[in-house]
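J.: Residue numbers for the sequence shown follow my numbering, so the first one is -14 and each next one is one higher.
From the three backbone atoms N, C-alpha and C, an ideal C-beta is built for every residue, glycine too.
Computed from a predicted structure; not experimentally measured.
Following this message is one structure expressed as structure tokens.
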Amino acid sequence: MMETLLEVREVYKLYKVRKGFFQKEDFYALRGVAFKISKGEVLGIVGESGSGKTTLGKLVLRLEKPTRGEILFQGREIFSMGKEYTRKVSVVFQDPRSSLNPRMKVEEIVEEPLLVHGERDRKKRVREAIERVQLSEEFLKRKPDDLSGGQRQRVAIARAIVLKPLLVVADEPTASLDVSVQAQILDLFRTLKEEGIAFIFITHDIRVVEKLADRIGVIYGGMLMEMGNKEKVLNSPLHPYTKFLLSNVPVRHPRERREYSYEESEYSIPQRGCPFAPRCPEFMEECSTKVRRFELNGRVVNCNLY
Ligand SMILES: Nc1ncnc2c1ncn2[C@@H]1O[C@H](COP(=O)(O)OP(=O)(O)O)[C@@H](O)[C@H]1O
Ligand SMILES: [Mg+2]
-14 MMETLLEVRE VYKLYKVRKG FFQKEDFYAL RGVAFKISKG EVLGIVGESG
36 SGKTTLGKLV LRLEKPTRGE ILFQGREIFS MGKEYTRKVS VVFQDPRSSL
86 NPRMKVEEIV EEPLLVHGER DRKKRVREAI ERVQLSEEFL KRKPDDLSGG
136 QRQRVAIARA IVLKPLLVVA DEPTASLDVS VQAQILDLFR TLKEEGIAFI
186 FITHDIRVVE KLADRIGVIY GGMLMEMGNK EKVLNSPLHP YTKFLLSNVP
236 VRHPRERREY SYEESEYSIP QRGCPFAPRC PEFMEECSTK VRRFELNGRV
286 VNCNLY
């Protein structure tokens, strides 16, 4: 059994959302999310916009606190870990244009985490990081505005790996890039995976994690609908939502692209029972009040069909 790096234990995140002028309503962005990640493993988190992916990433990064439940890293609750945690866990955001300081040179951007942690040999380690993301040293003196989207994302990745983290949370890191550049950045993630870094790789496009992920977690309405080995989830999906996602995978060529067959905003997400219930072709009475969790051989499905 591989060493467990991160353990997310039945995490809930409650937001108060505005309802009309004076009222506020409870809204669970995450509900009972639980999973583990082993050393060097890539977990793809897949789900449509609004399903809670970024919230989950924020919780793992300590940018927000869970309302209930806890997250452990190497057996320790992450909020008890101090600065040491940010040495071991880092982040790559969707849009490097907003995540990189435009006034800083690439070398300063990549050096910053080393400075924060009082590391030595900074110049050398910045050059190593830049090399690992397959940029040449001439980029060190440039600023983000002088780079292409793909180059900027490489800089963001260099910054994320410069401290040799054990886990990187990547929140839609290819979503802002052209399709051809996306493939190159995905290749880079695969190389980093081979170096032994674990990833939580968040995407709305299930195809993006086809090659990269070891396991896939499918999330909707803040609930992990299904999680398991990548081949199992892609080739024999169990949850109706996973089946729906797979049957609506956007085609590769933009000209052939068709829109999802529904309007996302039409469906409000029930706060009780299964979030997918209003859209589910297999809907049963009990789905409006509860969801059963089924676990077998590392495969998890939150669905009353099983
Ligand atoms: N700070 C917040 N306050 C209120 N609601 C929020 C907040 N952050 C996220 N949400 C809501 O939580 C849900 C999940 O959001 P998010 O995690 O960003 O989803 P995703 O990244 O999958 O698109 C959405 O309905 C969103 O509107
Ligand atoms: Mg998001």
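#1: With DSSP run on the structure shown, which of helix, strand or coil describes I182?
#2: How would you call R3, buried or exposed, if buried means at least 16 neighbouring beta carbons within 10 angstroms?
#3: Quick one: using the 10 Å Cβ neighbour count with 16 as the cut-off for buried, is H224 buried or exposed?
#4: Where does I30 sit, in a helix, a strand or coil, going by DSSP?
#5: Within 8 Å, do at least three Cβ pairs link the segment 131 to 147 to the segment 53 to 71?
#6: Is V194 near ligand 1 - that is, is its Cβ less than 7 Å away from at least one heavy atom of it?
#7: Can you determine whether any heavy atom of ligand 1 sits closer than 7 Å to the C-beta of F58, and answer yes or no?
#8: Per the contact definition of three or more C-beta pairs closer than 8 Å, is the segment 165 to 178 in contact with the segment 11 to 20?
#9: What whole-angstrom Cβ distance do F186 and L28 have, given they're in contact under 8 Å?
#10: Give me, in chain order, the residues of the same chain whose beta-carbon lies closer than 6 Å to that of F58; leave out the 5 immediate sequence neighbours on both sides.
#11: Could you compute how far the alpha carbon of A160 sits from the alpha carbon of K275?
#12: Determine the DSSP secondary structure at Q169, reduced to helix, strand or coil.
#13: Cβ atoms of N289 and C272: under 8 Å apart, would you say?
#14: Can you give the beta carbon distance from V31 to V154, rounded, assuming they're within the 8 Å contact cut?
#15: For K50, collect the residues of the same chain with a Cβ closer than 8 Å to its Cβ; drop the 5 residues on either side in sequence, then sort them by chain order.
#16: Going by Cα to Cα distance, which pick from I201, E93, Y226 is closest to F268?
#17: Buried or exposed, going by whether 16 or more other CB atoms sit within 10 Å of the CB of M(-13)?
#18: Looking at the secondary structure, which residues open and close the beta strand (DSSP E) in which G54 lies?
#19: Where do the N-terminal and C-terminal ends of the beta strand (DSSP E) with T(-11) fall, by residue?
T.: Looking at the atomic coordinates:
#1: coil
#2: exposed
#3: buried
#4: strand
#5: no
#6: no
#7: no
#8: no
#9: 7 Å
#10: L(-9)
#11: 34 Å
#12: helix
#13: yes
#14: About 15 Å separates the two Cβ atoms, so there is no contact after all.
#15: L44, F64
#16: Y226
#17: exposed
#18: 53 to 58
#19: -11 to 4
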